[in-house]
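> In my numbering, the protein residues as written are 305 to 691.
(1) Let me check you understand the geometry: is the CB of residue 569 closer than 7 Å to at least one non-hydrogen atom of the ligand ADP?
(2) Specify the secondary structure class of residue 485 as computed by DSSP and reduced to three states.
(3) Beta-carbon within less than 6 Å of residue 476's beta-carbon, same chain only, minus the 5 sequence neighbours each way: which residues are those?
(4) Are the Cβ atoms of residue 514 and residue 635 separated by less than 8 Å?
(5) Check residue 617 in the structure and name its three-state DSSP category.
(6) Reducing DSSP to helix, strand and coil, say where residue 392 ends up.
(7) Can you list, in chain order, the stretches of the beta strand (DSSP E) that have 3 or more residues and sit fully within the region 617–669?
(8) Over what stretch of residues does the beta strand (DSSP E) that includes residue 410 continue unbroken?
(9) If we count Cβ pairs, one from each stretch, closer than 8 Å, do we get three or more for the region 392–407 versus the region 320–340?
(10) Tell me, please, which residues DSSP counts as bridged to residue 420.
(11) From the DSSP secondary-structure annotation, give me the bridge partner or partners of residue 536.
(12) Helix, strand or coil: which one does DSSP assign to residue 601?
(13) State the DSSP-derived secondary structure class of residue 681, mapped to helix, strand or coil.
(14) So what's residue 364 in DSSP terms, helix, strand or just coil?
(15) With distance defined between alpha-carbon atoms, name the residue in 551, 439, 691, 627 nearest to residue 318.
(16) Report, in whole angstroms, the separation of the C-beta atoms of residue 407 and residue 374, which I expect to be a contact under 8 Å.
(17) Got a sec? Which residues, its chain only, sit under 6 Å from residue 605 by beta carbon, not counting five neighbours each side?
(18) Taking just the CA atoms, how far does residue 596 sit from residue 534?
(19) Please confirm if residue 618 has its CB atom under 8 Å from at least one CB of chain B.
(20) Looking only at its chain, what residues have a beta carbon closer than 7 Å to the beta carbon of residue 628, apart from the 5 residues adjacent to it on each side?
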């Protein structure tokens, strides 16, 4: 039987900040103290705060896998606890997507409570994190003490010295430091279809490009080739409006192979498929209000934005692993692209209904291995002006 309530102890750190990093997380039965799950992983080179957030994410993921309904999170990172409670701002851009990922996981439980504990009360997770740091550094376990001297509540951007640094005088980091090479993602919405022109919900139905949509795909292909003469891969939703757009782009890039990815498919709008907003509002007013109010609500017979976000996150995480420091074109639909941009910008859920993405619009973001994100362009349509 799945435990209704669990406790999570999580920790993370790096030796050098940034330096060899790792995290640890322990899920317990709060009544018996029994360990229900352990998670730890080496992160390569990262900062203390990135590692701490990764520990939290791992713990929340493990608790969700156990089927828990309520969670008590206990961490010795004052910064993570206060930021997740909304009392402190998230100033460093590299932490915002991690906080957004953690917040999305929090939304899967009926209740999540955060509390700060002293380091000595977090020994199990701390030991797991240290072992992961040792592995990242290529050392035998326990050969070095944790290198995490940052003052409580201090965000340490990549490149900030781990010792002797004054948070008040540390240099500002308005974007991730160029210590690493970013992976650049060029996000492209497919060209126009008859449903696009008629403003109908177009989810899993395989509606092909219109004549104008094919012209948009060609113009988009030329623009992408200008932006990125060298592209490692072109990924596409399996629906034909995306694969046709992707094929035009791949041809302009010198016949780069197109790989279809099921997780890039549009949201399943269920019974709303093929209908206009006005038609849905008239027939399903209550369901529409609930859907607009929460990304966890699905249209009747359809799929929630929360589930779409999980799919999109899997794709992006896989791309960062498979193509580090390279450029990848992703051809998808409104919902997956909006959700990727929401998390990249650390925006709220209202963002999903306020951002407009045109057919064949281009968005560009850079993602660094230490968690840094820079959104360069959102919904660029200048290449379509002559059509």
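Glycine included, each C-beta is placed from N, C-alpha and C at the ideal position.
From the atom records:
(1) This structure does not include the ligand ADP; it has no bound ligands of any sort.
(2) Taking the first residue of the chain shown as 1, we reach residue 485 at position 181. In the structure shown, residue 485 sits in coil (DSSP, three-state: anything other than H, G, I, E or B).
(3) Start at 1 with the first residue of the chain shown, and residue 476 comes out as number 172. Note on residue 476: pLDDT 34, under 50, position unreliable in the model; the coordinate value appears next. Nothing meets the Cβ criterion.
(4) If you number the chain shown from 1, residue 514 lands on position 210. If you number the chain shown from 1, residue 635 lands on position 331. Residue 514 places its beta carbon 8 Å or farther from that of residue 635.
(5) Here residue 617 refers to the residue found at position 313 of the chain shown. Three-state result, residue 617: helix.
(6) Taking the first residue of the chain shown as 1, we reach residue 392 at position 88. It is coil, neither helix nor strand.
(7) 631–636
(8) Within the chain shown, the letter at position 106 stands for residue 410. Careful: residue 410 lies outside any beta strand (DSSP E), inside the alpha helix (DSSP H) at 400–410.
(9) Contact between the region 392–407 and the region 320–340 is absent: fewer than 3 CB-CB pairs across the two stretches fall below 8 Å.
(10) Stepping through the chain shown from its first residue, residue 420 is reached at position 116. In the DSSP output, where bridge partners are listed per residue, residue 420 has 379.
(11) Residue numbering aside, residue 536 sits at position 232 when the chain shown is read from its first letter. Paired residues: none, contrary to the question.
(12) Along the chain shown, read from residue 1 onward, the residue named residue 601 stands at position 297. The answer is coil: DSSP assigns residue 601 none of H, G, I, E or B.
(13) The residue given as residue 681 occupies position 377 in the chain shown. In the three-state scheme derived from DSSP, where H, G and I count as helix and E and B as strand, residue 681 is classed as strand.
(14) Numbered from its first residue, the chain shown carries residue 364 at position 60. Three-state DSSP puts residue 364 in a helix.
(15) To locate residue 318, count along the chain shown from 1; it is residue 14. Cα-wise, what sits closest to residue 318 is 439.
(16) On the chain shown, position 103 is the one that residue 407 refers to. On the chain shown, position 70 is the one that residue 374 refers to. With 8 Å as the limit, residue 407 and residue 374 do not qualify as a contact, their Cβ atoms being about 16 Å apart.
(17) The residue labelled residue 605 in the question sits at position 301 within the chain shown. Here the set comprises 574, 575.
(18) Position 230 of the chain shown holds residue 534. Position 292 of the chain shown holds residue 596. Between residue 534 and residue 596, the C-alpha separation is close to 40 Å.
(19) Of the chains in the structure shown, none is chain B; there is only one protein chain.
(20) On the chain shown, position 324 is the one that residue 628 refers to. Result list for residue 628: 487, 673, in chain order.
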